[in-house]
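Undergrad: Protein chains in written order, with this note's numbering: chain A, 1 to 326; chain B, 327 to 652. Idealized CB from N, CA, C, for every residue including glycine.
Okay, here's the thing in structure tokens:
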């Protein structure tokens, strides 16, 4: 039988584990399905571990991105997983599969990009593995810690507000420009291209978010705002109401969408690989900055069903998401 | 420039890290180049992290091994890295790249094999990532802990003795039989095939080794006995004298080598992916068993140079090893 979906496969693996009578140890806090695995180190100290794999021609293409950008983005995604639990990234480990004919300079440039992302978040490259493979395959594991109870996807309650860091929509727009191959568009919209190839790292906002908002649920936007918000709502058995007019969207995205006759709100709702932090909180704050990273209120958690409001009009919403096996 | 060797690449990455002024934090104990990264959790408690990647047609072939065997072996290698530091494996994380046309049953069987290895060592599958790729790519990260100072490759001193668990040589012999494709040989030497496809897991011997031997240096045999012993000697700036006659070699290996007119000692010295533990200790013990796993004295650490002795004759030895980029 063919694999139905990534989520279906993960569910089946989880049930295999349960069927063998294996249970998680008593010091684990959060497990399969969240951004990180979390376990208790000691009182008020938690360990966080996350892993991600990026494959050439699936997650990145050599003709679109420099090796520095490829390395940077792969690492940024992992750092983001630790941030999304409210943690501080500490050590990272890189296993890399490399084609035999690849140049040493190219490989070292991938590492330069990874080290750039690591430096921005104060994380250390602490180990790894190098093997040969047909295509470049970058597998990153990251270890982080937090003094607060790790913030999982589950925990949002009706009446709470929904927040997002930075800006959204640009990554998908940047990708569509790169896919079009149109040089004039690539030159005209550098912000969109940059956001797709080298997304910002939000780890420096985590401490502020944890202190000011005490988030009840958090996730980083990797599948898309709607899709990741659904993860939070499914985990917490709630619904949401998103305010389209308050979504933090850059002017450049609006210009591009106007020129291309596409809805910027659809772009913002569906754009994946943003690596912005999406969280819920009881606190009601319109907008705040932490270390120059804006945090914007974009909606609220409700009992059930998913709605978006635009120009005062409230409508139910359908959710699409990226699946590796569909 | 082409990549010269795996070790050269790792050395260049390490020097990039240093050139950026990045230093390891004060709580790290052992880093790049050893079986695991090790850091201090608290007094007398250390965290160990290791990562490994296995790629289809590089590390395993679908026509030689069942999916269970592929999963089992990939996991066994990682568990072995934690054992080689004297640690107890705790949590593991699997990132897997899968071709689009692969069947769900095949993938779940890979996980069955991994779970089998995990169960044998009391380790938990705690997370992972599933992505699409051209060929199967399994990247495993493992977290373990130890109450003792982690045992690295460095630390052996002249006058100490060299020990190895289990038996050696069978993995390479099993591989050569599989490479030959000869059905009659495959049926005749099941132990050799088994050792190559599903190497024993020695994690249950670690506690005994730590208690009885207080190892000064330890490594798991992944490149080959000579090659891995050289890692210990280069790290500790010593030499070795290996006694060929005392190498723990199974009768089936001797029979196969006799039939094939190859030297069983060469096979034992060069066979990689054995995942036996190789360590040095001040203690002088000929042979001891821990939970049915034999530990055998095979030589001693000397000031400099590498020698093997056979039938009382001592000769210098040349060392070959597997390199992914050669």
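Does residue 151/A come within less than 7 Å of chain B when only Cβ atoms are used?
TA: It does not; no Cβ of chain B falls within 7 Å.
Undergrad: Would the beta-carbon of residue 41/A fall within 7 Å of that of residue 91/A?
TA: Not a contact, by the Cβ cut-off of 7 Å.
Undergrad: Is the separation between the beta-carbon of residue 121/A and that of residue 222/A shorter than 7 Å?
TA: No; because the gap between Cβ atoms is not below 7 Å, this pair is not in contact.
Undergrad: Can you tell me whether residue 153/A is buried or exposed, with buried defined as 16 or more other CB within 10 angstroms of its CB?
TA: Residue 153/A should be labelled buried.
Undergrad: Return yes when at least one heavy atom of the ligand COA lies under 6 Å from the C-beta of residue 503/B, else no.
TA: Ligands in the displayed structure: none, and consequently the ligand COA is not present.
Undergrad: I want to see whether chain A comes within less than 7 Å of residue 636/B, judged by CB atoms only; does it?
TA: Chain A, which has no Cβ nearer than 7 Å to the Cβ of residue 636/B, makes this no.
Undergrad: Out of 319/A, 279/A and 312/A, which has the shortest C-alpha to C-alpha gap to residue 85/A?
TA: The shortest Cα separation from residue 85/A among 319/A, 279/A and 312/A belongs to 279/A.
Undergrad: So is residue 342/B in contact with chain E if we call contact Cβ pairs under 7 Å?
TA: Among the protein chains in the structure shown, which are A and B, there is no chain E.
Undergrad: Strictly by DSSP, which residues pair up with residue 604/B?
TA: Paired residue(s): 490/B and 545/B.
Undergrad: Assuming residue 375/B contacts residue 469/B (C-beta within less than 8 Å), just tell me the rounded distance between them.
TA: Indeed, because the Cβ distance is near 5 Å, the residues count as touching under 8 Å.
Undergrad: Less than 8 Å between the CB atoms is what I'm expecting for residue 300/A and residue 213/A, so what's the real figure, rounded?
TA: In fact, because the Cβ distance is near 14 Å, the residues do not count as touching under 8 Å.
Undergrad: Which residues in chain B have a C-beta closer than 8 Å to the C-beta of residue 257/A? List them in chain order.
TA: Ordered by position in chain B, no residue passes the 8 Å Cβ test against residue 257/A, which lies about 29 Å from the chain.
Undergrad: Which chain B residues sit within Cβ distance under 7 Å of residue 143/A?
TA: What residue 143/A touches in chain B: 375.
Undergrad: When we look at the beta-carbon of residue 18/A and count the other beta-carbons within 10 Å, is it buried (16 or more) or exposed?
TA: Exposed, since its Cβ has fewer than 16 Cβ neighbours within 10 Å.
Undergrad: For residue 27/A and residue 437/B, what's the separation of their Cα atoms in angstroms?
TA: The straight-line gap from Cα to Cα measures roughly 24 Å.
Undergrad: Is DSSP giving residue 306/A helix, strand or coil here?
TA: Strand.
Undergrad: Below 7 Å on C-beta distance, what does residue 394/B contact in chain A?
TA: The premise fails here: residue 394/B is roughly 12 Å from chain A at the closest Cβ pair, so nothing lies under 7 Å.
Undergrad: From which residue to which residue does the beta strand (DSSP E) around residue 130/A run?
TA: Unbroken beta strand (DSSP E) run through residue 130/A: 124-132.
Undergrad: Count the C-beta pairs between the segment 204-211 of chain A and the segment 285-292 of chain A that are closer than 8 Å, then say yes if the count reaches three, no if not.
TA: The segment 204-211 of chain A, when compared against the segment 285-292 of chain A, does touch it at the 8 Å Cβ threshold.
Undergrad: Buried or exposed, going by whether 16 or more other CB atoms sit within 10 Å of the CB of residue 611/B?
TA: Classification of residue 611/B: exposed, given that the 10 Å Cβ count is below 16.
Undergrad: Can you tell me the Cα-Cα spacing of residue 2/A and residue 393/B, whole angstroms?
TA: Rounded to whole angstroms, residue 2/A to residue 393/B spans 16 Å at the Cα level.
Undergrad: If you measure from the beta carbon of residue 43/A to each beta carbon in chain B, is any gap under 7 Å?
TA: Not one chain B Cβ lies under 7 Å of residue 43/A.
Undergrad: Does the Cβ of residue 276/A have 16 or more other Cβ atoms within 10 Å, making it buried, or fewer, making it exposed?
TA: Buried is the call here.
Undergrad: Since residue 411/B meets chain A, which of its residues come closer than 9 Å, beta carbon to beta carbon?
TA: Per Cβ cutoff of 9 Å: no residues; residue 411/B is ~12 Å from chain A at best.
Undergrad: So which of 630/B, 382/B and 414/B has the shortest CA-CA distance to residue 562/B?
TA: For the residues 630/B, 382/B and 414/B, the minimum Cα distance to residue 562/B belongs to 630/B.
Undergrad: Can you tell me whether residue 425/B is buried or exposed, with buried defined as 16 or more other CB within 10 angstroms of its CB?
TA: It counts as exposed.
Undergrad: When we look at the beta-carbon of residue 167/A and count the other beta-carbons within 10 Å, is it buried (16 or more) or exposed?
TA: By the 10 Å Cβ count, residue 167/A comes out buried.
Undergrad: Using a C-beta cutoff of 7 Å, does residue 652/B count as contacting chain A?
TA: Legend: pLDDT at residue 652/B = 47, less than 50; position of this residue unreliable, value from coordinates given subsequently. So, not an interface residue.
Undergrad: Which same chain residues, not among the five before or five after residue 580/B, have their C-beta less than 7 Å away from its C-beta?
TA: Around residue 580/B: 590.
Undergrad: Beta-carbon within less than 7 Å of residue 396/B's beta-carbon, same chain only, minus the 5 sequence neighbours each way: which residues are those?
TA: So the qualifying residues of the chain are 386, 436 and 439.
Undergrad: Could you check the C-alpha separation between residue 652/B and residue 331/B for me, to the nearest Å?
TA: With a pLDDT of only 47 at residue 652/B, under 50, the local geometry of the prediction cannot be trusted, and the value read off the model is given with reservation. One C-alpha to the other measures close to 6 Å.
Undergrad: Give a yes or no on whether the minimum CB-CB distance between residue 241/A and chain B is below 7 Å.
TA: Answer no: the Cβ-Cβ gap between residue 241/A and chain B never drops below 7 Å.
Undergrad: In this structure, does DSSP put residue 287/A in helix, strand or coil?
TA: Residue 287/A falls in the strand class under three-state DSSP.
Undergrad: Can you find a C-beta in chain A that's less than 7 Å from the C-beta of residue 456/B?
TA: Yes, contact with chain A.
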